[in-house]
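Q: Residue numbers (this note's numbering): 2 to 438.
I have a structure here, written as structure tokens, and I will follow up with some questions on it.
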Amino acid sequence: MSETLAEKALLYHEQPRPGKLEVLPCKSCFSIDDLTVAYSPGVAVPCLEIAADNSQAARYTNRNNLVGVISNGTAVLGLGNIGAHAAKPVMEGKGLLFKIYADVDVFDIELDIKKPETLIEVIKTMEPTFGAINLEDIKAPECFIVEQRLREEMNIPVFHDDQHGTAVISGAALLNGAHLTGRLLQDMRCVVSGAGAAGIACAKFYMALGVRRENIFMFDSKGLIHTGRLDLHPTKAMFAQSEDCTMEVALQGADIFLGLSKKGILKPEMVKSMAPNPIIFACANPDPEITYEEAKAARPDCIMGSGRSDWPNQVNNVSCFPYMFRAALDMHATCINEAMKIAAARALADLARQPVPQEVVEANGGVPLSFGHDYVIPKPFDPRMIEYLCPAIAQAAVISGVAQRPLPDAAAYTAELKARVAKVRERTHALVDSYRG
2 MSETLAEKAL LYHEQPRPGK LEVLPCKSCF SIDDLTVAYS PGVAVPCLEI
52 AADNSQAARY TNRNNLVGVI SNGTAVLGLG NIGAHAAKPV MEGKGLLFKI
102 YADVDVFDIE LDIKKPETLI EVIKTMEPTF GAINLEDIKA PECFIVEQRL
152 REEMNIPVFH DDQHGTAVIS GAALLNGAHL TGRLLQDMRC VVSGAGAAGI
202 ACAKFYMALG VRRENIFMFD SKGLIHTGRL DLHPTKAMFA QSEDCTMEVA
252 LQGADIFLGL SKKGILKPEM VKSMAPNPII FACANPDPEI TYEEAKAARP
302 DCIMGSGRSD WPNQVNNVSC FPYMFRAALD MHATCINEAM KIAAARALAD
352 LARQPVPQEV VEANGGVPLS FGHDYVIPKP FDPRMIEYLC PAIAQAAVIS
402 GVAQRPLPDA AAYTAELKAR VAKVRERTHA LVDSYRG
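Here is the structure:
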């Protein structure tokens, strides 16, 4: 990171008000009449309504539009175990994106808890407060245990974005990569560098899309996951190959490279050995496994994606989580399931194939965008995202049986989504301008 960018980032977080979030009222409380209904004695009335029927909390409180973004700071971005205090800027950032992109309110909660059992019990107690839980930056393998238990023991959606957000976005890119190159997913061979939360979740999701498990070669810091190793957690063991090999050997003729590991691990000569039109997702953060320039120099025919906004095909979770939670909350879903994730990936893939509006081109610095090797996933700032993803996710929730509300009229729901995002952005601009002021 350049010194200029570092200084700009610090100033952004400090001025004119520290942090990125503020809690503001949405009801008037400037008179005795307001106070009487907002607090005592009037507040007792909705309390009693909810006491008689807990589902009424969605009618009389903000619970059904409130997500808990929760982390213990053990795996923050590419920075590692930096602690709960240091994780807060990231969690606040998630809250900012939830609100701007999908009008979802957030309380970010950073917990100084390392033991999975304790973390699970603490988060479970928060169910009366939140309509859904977004787990973030919890290290593997603990993150798998925490998410699975919470999914089983809570009656609201629980979604570990490091796992599933990355899986959905890269899955959409994979669908379009296969479409562009005329390949079938079941015939494609995939090499995964990094067997943490995101790597394992992506591999599982690719299998749900059609990639065969036996065609996935997964590497961790000790080498290939294979049956001869005695140190494998069950989440890794499911990808064990029968024989050991190096990454160089595994990549020969491979169709896909997925990197969620460390800088520079993918060499140009390794890229040269891959199949025609190789698909490369180098998503190590902040520095990828190979640069865009190196990959393209080695293989001009490659489809290259990364976590960076200054290169084509950014694998950015903001293209998933705001809309996934928006639809789940709107449908009163009891969970976020595989069907909803697949629907999101397919909707994203379809959006990338559509003509790109001029406003998106302008936001991209005026660089033209059209479906092809350097544009297989939509830009994160594409305003059409909410109208493509949310209806598809909502429909999947209904069809798969986890929605507690009927599917709304598609045109009315789309109009509602666009209107609420436009309003929240208008309010946000006015608030930010007032601080500058």
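Backbone N, C-alpha and C define an ideal beta-carbon position, used for all residues, glycine too.
Please determine if the region 85-103 and the region 129-147 are in contact, where contact requires at least 3 C-beta pairs separated by less than 8 Å.
A: At 8 Å Cβ cutoff, the stretches touch.
Q: Nearest-angstrom Cα distance between I257 and L25?
A: Their Cα atoms are separated by approximately 46 Å.
Q: Which residue comes first and which comes last in the beta strand (DSSP E) that contains I217?
A: Start and end: 217-221.
Q: Within 10 angstroms of its Cβ, does R437 collect 16 or more other Cβ (buried), or is it exposed?
A: Answer is exposed; the Cβ neighbour count stays below 16.
Q: Just to confirm the assignment: which complete beta strand (DSSP E) runs, minimum length 3, are found wholly within the region 199-281?
A: 217-221, 257-260, all fully within the region 199-281.
Q: Measure the CB-CB distance between A411 and P384 and report whether it falls below 7 Å.
A: Result no, Cβ atoms of A411 and P384 do not sit closer than 7 Å.
Q: In the DSSP assignment, what residue or residues form a beta bridge with G367?
A: According to DSSP, which records beta bridges pairwise, G367 is partnered with nothing at all.
Q: Hey, how far is the Cα of G308 from the Cα of E290?
A: Rounded to whole angstroms, G308 to E290 spans 11 Å at the Cα level.
Q: CB A395 to CB V169, shorter than 7 Å?
A: Cβ distance not < 7 Å, so A395 and V169 don't count as in contact.
Q: Measuring CB atoms only, is the region 60-75 touching the region 244-254, in the sense that at least three cross pairs come out at less than 8 Å?
A: Because the criterion of three Cβ pairs below 8 Å is not met, the region 60-75 and the region 244-254 do not touch.
Q: Any idea what DSSP makes of N177, helix, strand or coil?
A: Helix.
Q: Going by DSSP in three states, L439 sits in which element: helix, strand or coil?
A: The displayed coordinates of the chain run from 2 to 438. Any statement about residue 439 would go beyond what the structure contains.
Q: Which residues mark the beginning and the end of the alpha helix (DSSP H) in which S32 is found?
A: Per DSSP, S32 belongs to no alpha helix (DSSP H) and is neither H nor E.
Q: Could you work out which residue in A196, P17, L175, P379 is closest to A209 when comparing CA atoms only?
A: The residue with the shortest Cα to Cα distance from A209 is L175.
Q: E4 lies in the alpha helix (DSSP H); which residues open and close that run?
A: Residues 4-15.
Q: Alpha carbon to alpha carbon, how far is A328 from L252? Give it in angstroms, no decimals.
A: Their backbone Cα atoms lie some 38 Å apart in a straight line.
Q: Could you pull out every residue in the same chain whose Cβ sits closer than 6 Å to the Cβ of D35, ignoring the five residues on either side in sequence?
A: Here the set comprises S29.
Q: Does the beta-carbon of I170, which I'm using as the reference point, lie nearer than 6 Å to any heavy atom of the ligand MN?
A: Absence of the ligand MN from the depicted structure is noted, as is the absence of any ligand whatsoever, leaving it without description.
Q: Do you know whose CA, among G229, V77, V377, lies nearest L352's CA?
A: Checking every option, the nearest Cα to that of L352 belongs to V377.
Q: Under 7 Å, do F282 and S171 count as touching if we go by C-beta distance?
A: It is a contact, given that the beta carbons lie within the stated cut-off.
Q: Compute the distance between the beta-carbons of G306 and A285, then report whether it is under 7 Å.
A: Going by C-beta atoms, G306 is not nearer than 7 Å to A285.
Q: Run through the DSSP bridge pairs and tell me what Q315 is partnered with.
A: DSSP output for Q315 lists S307 as bridge partner(s).
Q: Determine contact between the region 118-134 and the region 144-164, defined as no fewer than three beta-carbon pairs at a distance below 8 Å.
A: As far as the Cβ criterion goes, the region 118-134 touches the region 144-164, which means the pair count is three or higher.
Q: If you follow the alpha helix (DSSP H) that S194 is part of, which residue opens it and which one closes it?
A: Here S194 belongs to no alpha helix (DSSP H); instead the beta strand (DSSP E) covers 191-194.
Q: Would you identify the three-state DSSP class for H161, choosing helix, strand or coil?
A: The answer is strand: DSSP assigns H161 an E or B state.
Q: Could you tell me if G224 is buried or exposed, where buried requires 16 or more neighbouring beta carbons within 10 angstroms of its beta carbon?
A: The residue is exposed, with fewer than 16 neighbouring Cβ atoms inside 10 Å.
Q: Are G132 and L231 touching if we call contact CB-CB under 7 Å?
A: Against a cut-off of 7 Å, the Cβ pair of L231 and G132 comes out as no contact.
Q: Please classify S3 as buried or exposed, where buried requires at least 16 neighbouring CB atoms within 10 angstroms.
A: With fewer than 16 Cβ atoms within 10 Å of its Cβ, S3 is classed as exposed.
Q: With 7 Å set as the bound, which would you pick, yes or no: does the beta-carbon of A420 sit closer than that to a beta-carbon of chain C?
A: Here there is only one protein chain, and chain C is not present.
Q: Which residues bound the alpha helix (DSSP H) around F131?
A: No alpha helix (DSSP H) contains F131, which DSSP labels as neither H nor E.
Q: Between which two residues does the beta strand (DSSP E) holding D109 run?
A: That run of the beta strand (DSSP E) goes 106-111.
Q: Leaving out five residues before and five after R426 in sequence, what residues of the same chain have Cβ atoms less than 7 Å from its Cβ?
A: So the qualifying residues of the chain are I101.
Q: Exposed or buried, what is R300 when buried is set at 16 or more other beta-carbons lying within 10 Å of its beta-carbon?
A: Buried is the call here.
Q: Buried or exposed: which applies to C27, given that a residue is buried once 16 or more other Cβ atoms fall within 10 Å of its Cβ?
A: Under this definition C27 is an exposed residue.
Q: Check whether the region 104-115 touches the region 72-81, counting contact only when three or more Cβ pairs, one atom from each stretch, lie closer than 8 Å.
A: Yes, the region 104-115 touches the region 72-81.
Q: So, with DSSP's three-state summary, where would you put S72?
A: Correct three-state label for S72: strand.
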